[in-house]
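Converting from the sequence shown to my numbering requires adding 1168 to each position, the first position being numbered 1. We put the CB at the ideal spot given by N, CA and C, even for glycine.
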Amino acid sequence: MAAQETDRRHYNLPAQPLSTSLQAVAVASKRSIAAPAELVRGITAPQLIGEFTAEEAVAALLEKSGLRYRRVQRALVVERDADFTQENWSSGDDATAIIVTGSRIRGAPIASPVITIDENDIRNAGQTTLGEVVRSIPQSFAGGQNPGIGSNVPALNGVDMGGGSSLNLRGLGSDATLTLLNGRRLSYSSSRQSVDVSTIPLGALDRIEIVADGASAIYGSDAVGGVANIILKRDMEGVETRARLGTSTEGGNFEQQYSAAGGARWASGGFIAAYEHNRNTAVDAGDREYARLRSPGLTLYPAMRNHNALLSAHQQISEPVTFSVDALFNKRRTTTGYATNPAGDLALGRNQQITQSRAFAIAPSLSVQVGAGWNAAFSGSYAEDRVDYSIDGYTDDQARRLAAGFYDNGAQSVELAADGPLLTLPAGSAEVAFGIGYRDIRFANDRGAGHPLNFERSQANRYAYGELSVPLAAPHMAIPAVHRLNVSAAVRYEHYDDAGSVATPKFGIVYTPTPGVDLKASWGRAFRAPTLYQRFQPPILTLLGAPSFGQTDAPPGSTALYIQGGNPDLRPERATTWSVTAALQPSVMPGFEAEISYFDIRYVDRIVTPIGFLSQSLSDPTYAAQVTRSPSRELIDSILSSGVFFQNGTGAPFDPANVIAFIDNSNVNAGRQWAHGIDLLASYRQALGAGDGEIRVSGNASYLVSHQQISEDQADQSLAGILFNPPRWRGRASATWSLDGLAVTGVANYSGELADPRVSPAAILPSQWRFDFTVRYRTGDTAPRGLQGLDLLFAVTNAFNAEPPPIFTTSVTHAPYDSTNYSPLGRVISFGIAKSW
């Protein structure tokens, strides 16, 4: 019998709904369990504590329920004791076992902490898009690529181009978090090397798994802060339609959402298709008292509308061969604007920016079972994400086109991978995974026909990886103080055609001294390849008066040349990451789980623009390495003749004799960044009497310390706890009481204080609590005909209307608060209705 089928795991489950317990066994054992909702609805499973195989655990849960299970290859199918027909259910082939984020080996223990959020949790919390979900996760910073980011936020900390939403683990940058869909890469979005999760309909989601630990040895570039895997539902039976209306009570942000998801399953396969339409009106400064006088005419949150569609299907072609495919499409439009005069009077002049984005992806895969326990897969993907933008100026209702262009990202890849048992050891089977692949990405930046800053580049890389998971001790060996012990190792090698090579290892250990206690540790290296924008953005050479750069004692008429742009010689950014974790499931407290982790990230060769404050370029000696004083005429001529885009901002003719300095602020590998801290996760489930009654409490808190040094000549600077960066403390706790289809949920969100060092003494933005409440009612089979399958939801987010703390601003175009940490939406009341058909 295969080792995975005899693997015994510790369970600590309370008496609770049978569907909940079966899901817990499926996740823990990494086995597919097919349990039709109509069979398990209304059944309470008994308490389950102890060491069990997946088969033993399911048998214990089904005892006295009138149900049984049968094995179909590696899957477990729940059925009635009689009158069950084979054609009603999928065969659950071995190649489709539950995806394990953080490992390429099916069923391998993970040494890094994993955060899991499923669709039911999201619905109960009143969240309606994946963008909302990822911004609420304490380990993820809402800076990076997210809607509503203000123009006063430094570009490295956040930007809103096209209304996309991205994860940004540890605040290292949305380009330093790898986001996957069913384990596959998607295309980058806009000018940032991030992935837009808001393109995925929530109705197709099964769960999100987040490994907040370096994972480049497993997945390659970008997985420095960690990796997030968006896992879709395998398939579904029937159709579910949804509609939702909501609005901010203070004005603006009228929200509409309409969606449908459906599918079918048959003996050898199944599919799910989902569609989602979202739209909201803008939130303007005039809608908020704290912004009405400070930023008049400014759009605080863009008006958006989008269409998302997704298809995921699988079909067993023959006994060992299964074909699957995932495909998605997104179309979105955003509108935002601001006044062009200090008074903020839109009638005197305003600019309006409109973006229209389109994204699609298709990822087919062919899986083959090869021998006992082995699986091989040949997969590929093709994806594209394009954002078109235009900026129009309006004066006296007369429009004038100020700028237009697009960012176009593309990605394609192929991979051949395999995993399975390597050899049998006394503690079980050693498992191995390996693979090779090719990936090509493309980026085009177009600012209009013939514009000198237009460019289009591509980059290809080839890679190979290997991973090993070895059990050293198991319960049946009866080793004192060593209930279970597993070690793992992985390495990945990537070669870029024009940016060099990099190899990243990772090691892990999972030690269980006694049932219910897991001690984990991991160490590894990670990397992020430079973006094509960072490497090939055409340089811009600007001429300004010397006082603009801080040289106040220069002779009258003195000027300086300032250059910024890409650097083709950039190297990959590199990081060393490690974590230690203690996970507890005490048998004396059924249904309780807790996990505490310490993480450490040391990030070097970060790509930076070394001059942080241009107004101090010539006055601050820390920038001396980027400044050439009294440049020669030959140097100036060579710069001008190198093909740079030159712009004269002095208003006077260019005279090389007046140039007293040349300032180079091009991208370089110079930065260092450190991040360390603690994650706390806990949950508790308790069944309430007979039926489906249950109470569930969960919490997630993160403490972060981070700082950076842009160059060796500059001082170390704090990041966490500073304006436009993550706070040191973030937390989210929820409690749900449910009974007979009714669920009442309360959520508390905490954000720690921030310091604003732009003023002296530094201003302190106080910590903030925000509370959400949701009431959800779902009808069952006993409801009157026509009312069965209803799902009604009433939600109030930010119920007490906590407002963003105000910050210092110098322009009406600046958001008067930290738009990376606070939202202008305020209190939002919504009502939703869904129906299953």
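| Item | Value |
| --- | --- |
| Buried versus exposed call for R1177 [16 or more other C-beta atoms within 10 Å across all chains shown] | buried |
| Y1701, enclosing alpha helix (DSSP H) - first and last residue | 1700 to 1704 |
| T1212 to I1677 span [Cα, whole Å] | 36 Å |
| Classification of L1887 by the beta-carbon crowding that lies within 10 angstroms, buried from 16 upward | buried |
| Which of helix, strand or coil DSSP assigns to A1826 | Sequence check: residue 1826 is Asn here, not Ala. If DSSP states are grouped into helix, strand and coil, N1826 belongs with the helices. |
| Contact set for S1533: own chain, Cβ-Cβ below 6 Å, skip 5 residues either direction | S1492, A1545, S1547 |
| Nearest residue (CA-CA) to G1530, options A1657, T1449, S1358, A1481 | Per the sequence shown, the amino acid found at residue 1530 is Ile instead of Gly. The residue with the shortest Cα to Cα distance from I1530 is A1481. |
| Close beta carbons around S1308, own chain, < 6 Å, minus the five adjacent residues each side | V1302, L1335, N1336, L1337 |
| Residue nearest to Y1562 in terms of C-alpha spacing, selected from Q1524, V1582, A1601, D1513 | D1513 |
| Of the residues E1457, S1626, A1617, the one placed nearest Q1580, counting alpha carbons only | S1626 |
| Residues near N1622 in its chain [Cβ-Cβ closer than 7 Å; skip 5 each side] | N1613, D1614, R1615 |
| Cβ-based neighbour list, R1696, same chain, cut-off 6 Å, excluding 5 preceding and 5 following | A1344, S1389, D1390, V1392, E1741 |
| 7 Å CB neighbourhood of G1817 in its chain, flanking five on each side removed | T1710, L1711, L1712 |
| Element boundaries [alpha helix (DSSP H), containing Y1458] | 1457 to 1460 |
| Per DSSP, cross-strand counterpart(s) of D1695 | At residue 1695 the sequence reads Phe, which differs from the Asp that was named. The partner list for F1695 (beta bridge, DSSP) reads R1742. |
| Start and end residues, beta strand (DSSP E) containing V1638 | 1623 to 1641 |
| Alpha-carbon to alpha-carbon, I1559 and I1522 | 7 Å |
| Cβ neighbours of G1920 in the same chain (closer than 8 Å, five flanking residues each side left out) | G1889, P1895, R1896, W1897, R1898, S1935 |
| Bounding residues of the alpha helix (DSSP H) (the contiguous stretch that carries S1806) | 1801 to 1808 |
| I1386: first and last residue of the uninterrupted beta strand (DSSP E) it sits in | Premise fails: I1386 lies in the alpha helix (DSSP H), 1384 to 1387, not in any beta strand (DSSP E). |
| Backbone CA spacing between L1346 and V1365 [nearest angstrom] | 11 Å |
| Residue of T1409, R1291, T1188, L1190 minimising C-alpha distance to R1944 | R1291 |
| G1676, enclosing alpha helix (DSSP H) - first and last residue | That residue, G1676, is in no alpha helix (DSSP H); its beta strand (DSSP E) goes 1668 to 1682. |
| Integer-rounded CB distance, given that G1909 should sit under 8 Å from R1946 | 5 Å |
| Through-space distance from A1911 to A1762, alpha-carbon basis | 23 Å |
| Three or more C-beta pairs below 8 Å linking the segment 1406 to 1426 and the segment 1447 to 1455 | yes |
| Through-space distance from A1903 to V1756, alpha-carbon basis | 22 Å |
| Between the CA atoms of S1436 and V1538 - distance to the nearest angstrom | 19 Å |
| 6 Å Cβ shell around A1586 - same chain, five flanking residues per side excluded | A1544 |
| T1790: first and last residue of the uninterrupted alpha helix (DSSP H) it sits in | No alpha helix (DSSP H) contains T1790, which DSSP labels as neither H nor E. |
| Same chain only: Cβ atoms within 7 Å of N1320, ignoring 5 sequence neighbours per side | T1977, H1982, A1983 |
| Three-way DSSP call (helix, strand, coil) for E1219 in this model | strand |
| Classification of S1258 by the beta-carbon crowding that lies within 10 angstroms, buried from 16 upward | Bear in mind that the predicted position of S1258 carries a pLDDT of just 30, short of 50, making it too unreliable to give a figure here. |
| Reduced DSSP category for M1472 - H, G, I as helix; E, B as strand; rest coil | strand |
| Burial state of E1457 (16 or more Cβ within 10 Å) | exposed |
| Cβ-based neighbour list, P1470, same chain, cut-off 8 Å, excluding 5 preceding and 5 following | P1315, G1316, D1328, G1331, A1450, T1502, T1503, T1504 |
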